[in-house]
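Residues in the sequence shown are numbered from 2 upward in steps of one, following UniProt numbering.
As structure tokens, the structure follows; a few thoughts come after it.
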Amino acid sequence: KFMSGNELREKYLQFFVSKGHLRLQSASLIPENDPTLLMVGAGMAPFKPFFTGKMKPPCTRITTSQRCVRTGDIENVGRTARHQTYFEMLGNFSFGDYFKHDAINWAWEFLTKELELPEDKLWVTVYPKDEEAYKIWAEETSVDPSHIVKLEDNFWEIGPGPCGPDSEIYIDLGEERGCGSADCAVGCDCDRYLEIWNLVFTQYDKSEAGEYVPLAKKNIDTGAGLERLASVMQNKKTNFETDLLFPIIEYASAVSGVTYGVNEDKDVSLKVIADHARSMTIMIMDGILPSNEGRGYVLRRILRRAIRHGRMLGIETKFLTGAVDAVLKIYNGVFAELVEKQDYIKKVISLEEDRFHTTLVQGMELLSGHIEQLKTEKRTVLRGEIGFKLYDTFGFPWELTDEILHENDMTLDKDAFDKEMQQQRQRARAARHENTRVAIPDLRGLDTEKLLVDSSVKEAKIVCIWKD
Ligand code: ATP
Ligand code: MG
Ligand code: MG
Ligand code: MG
Numbered sequence: 002k003f004m005s006g007n008e009l010r011e012k013y014l015q016f017f018v019s020k021g022h023l024r025l026q027s028a029s030l031i032p033e034n035d036p037t038l039l040m041v042g043a044g045m046a047p048f049k050p051f052f053t054g055k056m057k058p059p060c061t062r063i064t065t066s067q068r069c070v071r072t073g074d075i076e077n078v079g080r081t082a083r084h085q086t087y088f089e090m091l092g093n094f095s096f097g098d099y100f101k102h103d104a105i106n107w108a109w110e111f112l113t114k115e116l117e118l119p120e121d122k123l124w125v126t127v128y129p130k131d132e133e134a135y136k137i138w139a140e141e142t143s144v145d146p147s148h149i150v151k152l153e154d155n156f157w158e159i160g161p162g163p164c165g166p167d168s169e170i171y172i173d174l175g176e177e178r179g180c181g182s183a184d185c186a187v188g189c190d191c192d193r194y195l196e197i198w199n200l201v202f203t204q205y206d207k208s209e210a211g212e213y214v215p216l217a218k219k220n221i222d223t224g225a226g227l228e229r230l231a232s233v234m235q236n237k238k239t240n241f242e243t244d245l246l247f248p249i250i251e252y253a254s255a256v257s258g259v260t261y262g263v264n265e266d267k268d269v270s271l272k273v274i275a276d277h278a279r280s281m282t283i284m285i286m287d288g289i290l291p292s293n294e295g296r297g298y299v300l301r302r303i304l305r306r307a308i309r310h311g312r313m314l315g316i317e318t319k320f321l322t323g324a325v326d327a328v329l330k331i332y333n334g335v336f337a338e339l340v341e342k343q344d345y346i347k348k349v350i351s352l353e354e355d356r357f358h359t360t361l362v363q364g365m366e367l368l369s370g371h372i373e374q375l376k377t378e379k380r381t382v383l384r385g386e387i388g389f390k391l392y393d394t395f396g397f398p399w400e401l402t403d404e405i406l407h408e409n410d411m412t413l414d415k416d417a418f419d420k421e422m423q424q425q426r427q428r429a430r431a432a433r434h435e436n437t438r439v440a441i442p443d444l445r446g447l448d449t450e451k452l453l454v455d456s457s458v459k460e461a462k463i464v465c466i467w468k469d
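Structure (structure tokens):
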């Protein structure tokens with residue numbers, strides 16, 4: 002039964018409201034008071050103090066659709082059917098209230114009764130030592146007992162903080178979607194078994210030192226990918242073909258003249274643009290500005306990556322603000338702030354796009370100089386330090402350096418480059434702890450150009466969380 006992404010989000014939240022949950026709006030992507038986290042990457046992140054008992058929640062049952070960014074998945078974007086850097090995580094949470102019994106039964110009820118997914122296609126995994134969860138699935142739900150699989154990595158944690166064993170729900174999309182390997186089964190990285198929902202039984206608090214401290218009260222933290230559920234409900238092969246992403250692909254396709262579904266590499270670029278356009282729009286909406294460190298650097302990298310993929314499709318002109326329009330349409334009526342801040346978002350993106358085009362021209366010039374020098378010296382390997390300097394100081398993507406070198410039968414000393422990169426990461430990690438938020442009440446009236454050159458302003462807090 003077809004269901005739009007926006008309908009699906011509503012259905013989920015209303016279902017859990019009917020089970021006594023308080024519905025809250027998504028928190029900002031910028032974590033509040035959490036130096037361990039660059040950006041919110043899971044629905045539970047804003048609720049950490051409720052899990053640990055440091056703060057009292059407004060209700061012991063909460064449901065949200067949380068905006069998430071996972072830069073760790075950036076290389077997967079467009080290559081797997083199911084990963085974006087930006088996605089929404091649907092979640093229901095219990096803070097010392099219900100535990101495994103309700104979490105499992107409600108998840109099953111939602112999938113099989115509300116969404117009417119075929120029971121015989123569903124699979125679940127449990128942590129091998131978690132007999133309790135195994136029993137609930139086997140005895141209280143109608144899941145096929147042969148579809149309950151014990152998996153060692155069913156233990157969820159993200160840095161220090163609340164964590165515990167988990168139980169994941171997968172849907173079998175059919176053999177023809179599989180990798181064909183003899184041991185392809187639930188948990189395989191290919192597209193056959195799609196992980197749609199993770200139920201985490203949060204019973205520990207992992208300390209900074211890595212100890213698992215049992216929590217006084219047991220909690221539930223679940224996360225289901227909105228785009229993945231939409232791909233199932235809309236019978237699409239990838240998240241990118243759902244109504245939550247495809248309009249951006251259509252836009253990029255129209256601008257570049259490249260038809261979707263003809264060439265695999267071009268499809269990857271179209272998907273990257275679709276994902277990155279949503280990421281950058283939402284990141285800026287939440288108060289992040291392009292910069293050379295921390296979250297601002299993530300934003301800059303995503304934006305430049307989108308432009309690079311645009312160029313791979315033959316787009317030489319500025320095109321990103323048009324992509325923002327497509328994003329706005331997708332989220333029509335969902336994020337009010339998006340409408341309010343649309344001009345501001347487009348201005349930030351447009352300036353950064355200009356800046357990157359200048360960078361490309363400059364970087365190209367510098368690199369050509371180095372290539373000429375290598376030629377006269379009869380050498381073919383560009384020093385890693387030079388590649389890194391191009392990347393770090395001028396924002397010239399190393400992949401582009403690599404590509405251009407290849408065209409000249411040369412290579413980049415990637416090991417030396419990686420070493421520089423690692424040192425840079427360490428510096429960034431140290432800086433993250435000092436990365437404090439700057440509160441600016443309202444950015445819309447400000448001169449964005451001034452704002453972008455003022456290096457003391459790293460990012461601006463615009464969003465108020467805990468609305469509702
Ligand atoms: P996968 O194994 O497919 O990478 P995961 O185990 O890393 O997923 P969780 O950390 O369990 O994902 O997050 C909970 C849910 O959020 C997942 O079951 C999935 O539906 C969704 N999700 C996770 N990562 C992404 C992503 N990069 N893009 C879209 N949805 C995602
Ligand atoms: Mg993952
Ligand atoms: Mg997984
Ligand atoms: Mg998971």
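Each residue gets a CB set at the ideal place from its N, CA and C atoms; glycine is no exception.
Residue i burial status per 10 Å Cβ neighbour count (16 or more: buried)
i      : result
Gly370 : exposed
Met56  : exposed
Glu354 : buried
Asp344 : exposed
Asp443 : Because Asp443 carries a pLDDT of 34, less than 50, the predicted location of this residue cannot be relied on, and the following value inherits that uncertainty. It is exposed - the Cβ of Asp443 has fewer than 16 other Cβ atoms within 10 Å.
Lys2   : exposed
Arg10  : buried
Arg71  : buried
Leu78  : A small fix is needed here, since residue 78 is Val in this sequence, not Leu. Buried is the call here.
Arg430 : exposed
Arg380 : exposed
Pro47  : buried
His22  : buried
Cys69  : buried
Cys180 : exposed
Gly315 : exposed
Proximity test, residue i beta-carbon vs ligand 4 heavy atom, cut-off 7 angstroms
i      : result
Glu89  : no
Asn199 : yes
Glu169 : yes
Residues that DSSP places opposite residue i in a beta bridge
i      : result
Ile63  : Leu23, Phe94
Gly165 : Trp157
Gly288 : The partner list for Gly288 (beta bridge, DSSP) is empty, contrary to what the question assumes.
Thr394 : Paired residues: none, contrary to the question.
Gly385 : According to DSSP, Gly385 bridges with nothing at all.
Cys69  : Phe88
Asp173 : Tyr194
Pro215 : Tyr205
Ile149 : Val125
Any non-hydrogen atom of ligand 2 closer than 7 angstroms to residue i Cβ
i     : result
Asp74 : yes
Where residue i falls: helix, strand or coil (DSSP)
i      : result
Pro50  : helix
Leu444 : Residue placement at Leu444 is poorly supported in this model, since its pLDDT is 37, which falls under 50; the coordinates are not used for a value here.
Glu209 : coil
Tyr194 : strand
Asn220 : strand
Gln235 : coil
Asn199 : strand
Tyr298 : helix
Thr412 : strand
Lys55  : coil
Gly226 : strand
Lys376 : helix
Asp455 : Any reading at Asp455 is ruled out, since the residue's pLDDT is 34, under 50, leaving its predicted position unreliable.
Tyr261 : coil
Glu33  : coil
Residue i CB to nearest heavy atom of ligand 1 below 7 angstroms
i         : result
Gly297    : no
His277    : no
Glu228    : yes
Gly162    : no
Arg71     : yes
residue 1 : For residue 1 there is no data in the structure shown, the boundaries of the chain being 2 and 469.
Gly224    : yes
Pro240    : One point to set straight first is that residue 240 is Asn, not Pro, in the sequence displayed. Result yes, Cβ under 7 angstroms from ligand 1.
residue 1 : The structure shown does not extend to residue 1, since the chain is modelled only from 2 to 469, so the question has no answer here.
Ala104    : no
Ala217    : no
Ala134    : no
Ala46     : no
Distance cut-off 7 angstroms: residue i Cβ against heavy atoms of ligand 3
i      : result
Glu196 : yes
Any C-beta of chain C under 8 angstroms from that of residue i
i      : result
Gly162 : In the displayed structure, chain C is absent; only one protein chain is listed.
Item checked: Uninterrupted alpha helix (DSSP H) stretches inside the segment 72 to 130 (no shorter than 4 residues) -> 101 to 110
Margin query: Runs of 4 residues minimum, wholly inside the segment 322 to 363: which ones carry the alpha helix (DSSP H) assignment?
Written below: 337 to 341
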